[in-house]
Amino acid sequence: MRAILILAMVFMVSAAQAEVKIGIVNIQKIISSIKEGKDVNKTLEKSFKSKQKVLKDEEENIKKLIENLQKQNAVLSDSAKAKKTAEINKKRQEASEKMRQFQAEIQKQEAELKKPILDKLKPVIDKVSEEEKVELTFEISASPPIYAAKKVDLTEKIIKAYDKKHSK
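Under this note's numbering, the first residue of the sequence shown is numbered 32, with each subsequent residue one higher.
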């Protein structure tokens, strides 16, 4: 029994001393650097701008309603003021709901457009990680590390490998 305990302790010490090579990857940087990603970002930007214009037009309309209410405030009856205020509040709620819908649409569109890129990117990340003898590769776009040595950042190598493989 004592021999098993000693053997287990030796194994734990040697396992603790084994180095694990870690790599980091910034997926957002990769996507914004490769041609396909740039095309996706342009498409999303166009979509966003058209939706933003609709929202801006509605905002201007609401501003005009508010200005009209303020100008007519002295001559309107209380019921007319309440009616116009209710109309303004309804328009604000509609605009707010439309903005939420637009955000959801853009997020869905972004996911749909980026999925094929991510599907092609995963094998490239795997290959570069293997070539660099990395045992763990972390994605850092959403939560960057406090510190990471440049030598563990595989982002540029993955961009080059992706471009080499997919820019035919």
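Note that the Cβ used here is the ideal one computed from N, Cα and C, for glycine as well. In this text the structure is predicted, and so the values were computed from the model without any measurement.
Length of the line joining the Cα atoms of residue i and residue j
i: Ala113; j: Leu96; result: 13 angstroms
i: Ile62; j: Tyr178; result: 22 angstroms
i: Asn120; j: Gly54; result: 52 angstroms
i: Tyr80; j: Ser127; result: As written in the sequence, residue 80 is Lys, which differs from the Tyr given in the question. The straight-line gap from Cα to Cα measures roughly 17 angstroms.
i: Leu100; j: Leu107; result: 9 angstroms
i: Val85; j: Leu149; result: 31 angstroms
i: Glu89; j: Lys82; result: 11 angstroms
i: Lys181; j: Lys151; result: 25 angstroms
i: Glu91; j: Lys129; result: 15 angstroms
i: Lys66; j: Lys102; result: 53 angstroms
i: Ser110; j: Ile137; result: 40 angstroms
According to DSSP, residues forming a beta bridge with residue i
i: Phe133; result: DSSP output for Phe133 lists no bridge partner at all.
i: Val56; result: Glu170
i: Asp184; result: Ile55
Burial state of residue i (16 or more Cβ within 10 Å)
i: Lys145; result: buried
i: Asn57; result: buried
i: Leu185; result: buried
i: Val155; result: buried
i: Thr116; result: exposed
i: Val71; result: buried
Residues near residue i in its chain [Cβ-Cβ closer than 7 angstroms; skip 5 each side]
i: Ile93; result: Ile119, Lys122, Arg123, Ala126
Residues near residue i by beta carbon distance below 6 angstroms, same chain, minus five either side
i: Leu75; result: Glu141
i: Lys188; result: Val159
Residue span of the alpha helix (DSSP H) that contains residue i, given as start and end
i: Asn72; result: 66-103
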